[in-house]
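Visitor: Each protein sequence line maps, in turn, to chains B and Y. Each step along the first sequence adds one to the number in this note's numbering, with nothing skipped, and position 52 is 52. Each step along the second sequence adds one to the number in this note's numbering, with nothing skipped, and position 21 is 1021. Here it is, the structure, as structure tokens.
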Amino acid sequence: MQLIRCPWCGPREEVEFHYGGQAHVAYPDDPAALTDEQWARYVFFRDNPKGAFAERWSHSAGCRRWFNAVRDTRTYRFLAVYKPGEARPEVAS
Amino acid sequence: MADTLHRSPVLRHREDAFARLPEGLEIVAEPDVALADLRVPEGAVASATGVVGVALPLEPNTWVARPGGQVVWLGPDEWLVSDADERPEALEAALRAAVAPHDGAAVDVSAQRTAVRLRGRHARALLATGCALDLHPSVFGAGRSAQTTLGLVGVVLLALDDRGEDYRILVRPSFAGYLADWLLDAAVEFEPPGPAAAL
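Printed below as a string of structure tokens:
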């Protein structure tokens, strides 16, 4: 089984983690000002790259903390993990 | 005082089976104690030291002993404080009074987990049949803890010695029966060879 490195707990089995979708999707500054289409784009539309993708993950069976990871969507390999609030690291996929 | 918690011991129907475990394995359902979930923001960690009695462990996946119990690291700003001598509401109130001015929180979670003690020279091998972590004492010795899965159950695992022969498993009471049955089943392979013992 693939191991995912929790920024706090270290390498743990993949089944301990929960996927949380694309990372770095900023909440709109003024949600009430958005049109329905703009709101729908914020809520439902996500990138779907082939290659490195920044995602949110939660160590749900361990420390239950959220963190971000850059994963290669072609190979499922984790290229980097980093804590929330930190900038996305530059990684070569 | 453990007897301040009036709860039926969830594992009392397994005690006969625990008594028949093979040599080198011992399972004891520990008395329930007061447990409090403590949240303290980074930077205010020292505010809890007075009530807890020891400095909160800051290294992930560790625990330290405190007067009457232990403090387990659960997250970068979260700890589990146990106390066998205090009433749960008193423990909660004392912790809350200490950390609330620093935006911390303390919540009584005494009913959330029950403790199972696993001892014996086969203890580590038994755990290894259902836990993916490296439990060798060189990396999981006394003072280490882990929140992980054992069998199919989420547990908090505490290493109590440096020989891999003494562990405390904190498990949700509703899963405790399953975990006990799982441990008893896993223990079968440590039976001495010979005619199969009646389970």
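Each residue gets a CB set at the ideal place from its N, CA and C atoms; glycine is no exception.
#1: Can you tell me whether F44(B) is buried or exposed, with buried defined as 16 or more other CB within 10 angstroms of its CB?
#2: For chain Y, find out if any of its Cβ atoms is closer than 8 Å to the Cβ of E86(B); answer yes or no.
#3: Let me make sure I understand the geometry here. Which of V1045(Y), L1025(Y), R1119(Y) has the alpha-carbon closest to that of A1105(Y)?
#4: Is the distance from the Cβ of H1102(Y) to the Cβ of P1041(Y) below 8 Å?
#5: What are the boundary residues of the alpha helix (DSSP H) that includes G1143(Y)?
#6: Round the Cβ separation of A1159(Y) and G1141(Y) to the nearest angstrom and send it over; I've been treating them as touching at under 8 Å.
#7: Out of G1024(Y), D1032(Y), P1067(Y), which one is the CA nearest neighbour of R1113(Y)?
#8: Output the distance between the C-alpha atoms of R88(B) and A26(B), rounded to the nearest integer angstrom.
#9: If you measure from the beta carbon of L1074(Y) to each beta carbon in chain B, is any gap under 8 Å?
#10: Which residue's Cα is closest to the Cα of E1092(Y): V1051(Y), T1129(Y), R1119(Y), R1066(Y)?
#11: Output needed in chain order: residues of the segment 1058-1088 of chain Y with a Cβ under 7 Å from some Cβ in chain B.
#12: With C-beta atoms as the reference, is V1116(Y) less than 8 Å away from A1176(Y)?
#13: So within the segment 9-93 of chain B, which uninterrupted alpha helix (DSSP H) runs reach at least 4 residues, ignoring any that extend past its ends?
#14: Please compile the residues from chain Y whose C-beta is within a distance smaller than 9 Å of the C-beta of G20(B).
#15: For A1180(Y), count neighbouring Cβ atoms within 10 angstroms of its own Cβ and tell me buried if that reaches 16, exposed if not.
#16: Taking C-alpha atoms, which residue in D1161(Y), P1193(Y), G1151(Y), G1164(Y) lies nearest to D1185(Y)?
#17: Return the first residue and the last residue of the alpha helix (DSSP H) that L1184(Y) is part of.
#18: Counting Cβ pairs, one atom from each stretch, are 3 or more of them under 8 Å apart for the segment 1187-1196 of chain Y and the segment 1014-1029 of chain Y?
#19: When you compare the CB of T1148(Y) with every CB in chain B, is at least one pair closer than 8 Å?
#20: Classify A1098(Y) as helix, strand or coil using the three-state DSSP reduction.
#21: For the structure I just gave you, are there three or more beta carbon pairs, one from the segment 1016-1023 of chain Y and one from the segment 1070-1078 of chain Y, closer than 8 Å?
#22: Leaving out five residues on either side along the sequence, give the residues of the same chain with a beta carbon under 6 Å from the beta carbon of S1082(Y).
#23: How would you label A1097(Y), buried or exposed, when you count the other beta carbons within 10 angstroms and need 16 or more for buried?
#24: Just list the residues that DSSP pairs G1075(Y) with in beta bridges.
Guide: With the structure as the only source:
#1: With a threshold of 16 other beta carbon atoms within 10 Å, F44(B) falls short and is exposed.
#2: no
#3: V1045(Y)
#4: yes
#5: Premise fails: G1143(Y) is in no alpha helix (DSSP H) and is neither H nor E.
#6: 6 Å
#7: Residue D1032(Y) holds the alpha-carbon nearest to the alpha-carbon of R1113(Y) among G1024(Y), D1032(Y), P1067(Y).
#8: 14 Å
#9: yes
#10: V1051(Y)
#11: P1060, N1061, L1074, G1075, P1076
#12: Yes. Within cutoff.
#13: 36-44
#14: By Cβ distance, chain Y contributes nothing, its closest Cβ being about 17 Å from G20(B), past 9 Å.
#15: Here A1180(Y) is buried. Its C-beta has 16 or more other C-beta atoms within 10 Å.
#16: G1151(Y)
#17: 1173-1186
#18: yes
#19: Among the CB atoms of chain B, one or more fall inside 8 Å of the CB of T1148(Y).
#20: helix
#21: no
#22: V1033, L1035, G1069, Q1070
#23: exposed
#24: E1078(Y)
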